[in-house]
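What follows is one structure encoded as structure tokens, with my remarks underneath.
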Amino acid sequence: MGFRKKTNKNPPVLSHEFIIQNHADIVSCVAMVFLLGLMFEVTSKVAVLFITVQYNVTISANEGLSEESVVNHFHHGLKDLATIFFYMLVAIIIHAIIQEYVLDKINRKMHFSKTKHSKFNESGQLSAFYLFSFGWGTSILMSENFLSNPVSLWDGYPHTLMPFQMKFYFISQMGYWLHALPEIYFQKTKKEDIPRQLVYISLYLVHIAGAYILNLNRLALVLLVLHCFVELLFHVSRLVYFSNEKRQTGFSIWAVLFVLGRLLTLSLSVLTVGFGLSNADQQGLDLANGNFNVLIVRITVLATICVTQAFMMWKFINFQLRRWREQAQVQPVKPKKLQAPKTKSKKDKANGVNGVSSNGADSPRAKKEKSS
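So the sequence shown is numbered by the UniProt record's numbering: it starts at 1 and just counts up by one.
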């Protein structure tokens with residue numbers, strides 16, 4: 001995210017600068033159009049496609065009592081694209097609120113450089129998102145008992161039906177990472193930073209959307225919660241580092257958890273896709289029922305996860321090597337400054353000033369004068 005300079009001049013309407021400065025207001029107006037559409041019967045059917053979660057399935061379960069328990073579940077479909085688009089607009093609005101009312105105020109007090117300003121904004125936004133995603137995802141895992149029963153990650157596949165919270169979680173995740181694409185333009189991102197951001201945005205969208213379409217939502221939820229926790233620690237550590245560069249303990253903790261996170265991701269993926277699905281009762285490709293449990297799909301999923309984890313480890317190793325080089329360059333400079341006055345003071349004590357000690361009788365010059 002680039003450094004935005006505020007100017008007192010009003011830019012021309014519909015110019016690039018005008019859109020960048022007022023993008024939150026423009027997007028808010030677009031979102032309000034969909035909300036107002038709910039008020040009229042003619043447009044309410046279209047507005048509902050964008051605002052509410054689609055493909056509701058009501059299941060009635062008679063437990064032997066006089067009353068029947070009704071459970072609402074959801075499956076995915078093409079109408080989800082409209083819902084994702086609307087919550088992408090919501091993510092842009094929330095992004096602007098956090099930027100203006102939280103991060104910009106901190107930036108004015110801290111007086112960061114342009115480089116630190118950009119990284120601080122990025123870590124501030126992502127810290128809020130990862131904290132929200134981790135907390136929300138953990139609550140879903142606890143309510144659905146996925147942690148206490150790991151077999152449920154592959155048992156009963158395909159998992160075409162999802163509870164409301166789980167489906168809305170994936171809709172929100174895809175909406176957030178889609179909103180990151182226009183934010184590259186809105187935040188005036190530097191050209192050298194655009195490829196890096198496009199790579200990790202694409203990785204998030206491919207993995208989340210792929211798991212959502214292939215009905216691997218349970219495994220994806222567990223891996224997302226694990227990943228969000230590790231990334232949250234990194235960005236919080238970077239925010240603390242910007243406030244005080246001596247505080248780097250968080251990076252050391254993050255380095256250990258990052259490696260453990262990669263190992264857990266690979267282990268759960270191989271256990272679920274490689275062993276669990278390969279031994280499942282329902283085998284074969286069935287698009288109507290959402291079953292993708294065939295060898296080629298399993299190999300593709302595992303290969304994608306392994307390549308991604310290897311790429312992340314390669315980036316992590318490069319980051320750690322660069323950090324160690326910077327620390328190695330800084331450390332030798334400090335002893336030289338401290339050693340110089342020490343050696344000079346020892347000579348002064350031994351030889352005195354200009355070769356004459358404080359006691360003139362003991363000086364070699366004084367002895368020569370006496371002997372002469």
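Beta carbons: idealized from backbone N, C-alpha and C, even for Gly.
- Assigned with DSSP and collapsed to three states, H73 falls in strand.
- Distance from the CA of P182 to the CA of P158, rounded to the nearest whole angstrom, comes to 34 Å.
- Between H235 and G261, the C-beta spacing is not below 8 Å.
- For W136, the CB contacts under 7 Å within the same chain, skipping 5 residues up- and downstream, are Y169 in chain order.
- For T138 against V225, the beta-carbon gap comes to about 6 Å, under 8 Å, which counts as contact.
- Excluding residues up to 5 positions away in sequence, Y241 lie with their Cβ nearer than 7 Å to the Cβ of Q248 in the same chain.
- Between Q21 and G37, the alpha-carbon positions lie close to 27 Å from each other.
- As the crow flies, the alpha-carbon of V256 is around 31 Å from that of T189.
- C-alpha of Q283 to C-alpha of V151: approximately 17 Å in a straight line.
- Less than 8 Å separates the beta-carbon of V230 from that of F258.
- Its chain contains F292, V297, V301 as the residues whose beta carbon lies nearer than 8 Å to that of L214, once the 5 sequence neighbours on both sides are disregarded; these appear in chain order.
- Between A91 and G175 the beta-carbon gap is near 5 Å, inside 8 Å, which marks them as a contact.
- Between the C-alpha atoms of L232 and F134 there is a straight-line separation of about 8 Å.
- In this structure, DSSP gives N56 an extended state, which the three-state scheme calls strand.
- For N291, the enclosing beta strand (DSSP E) stretches over residues 291 to 293.
- Beta bridge pairing from DSSP links D286 with N291.
- Nearest to S118 by C-alpha distance, out of Q187, S267, G77, A280, is Q187.
- Contact check for F112 and F120: beta-carbon distance about 6 Å, within the 8 Å limit, so the pair qualifies.
- Within the model, the alpha-carbon separation for I19 versus L89 is close to 15 Å.
- Annotation: the continuous alpha helix (DSSP H) that includes K167 extends over 164 to 186.
- With fewer than 16 other beta carbons inside 10 angstroms of its own, F164 counts as exposed.
- In the structure shown, K315 adopts helical secondary structure according to DSSP, grouped into three states.
- It is roughly 32 Å from the alpha-carbon of M142 to the alpha-carbon of V199.
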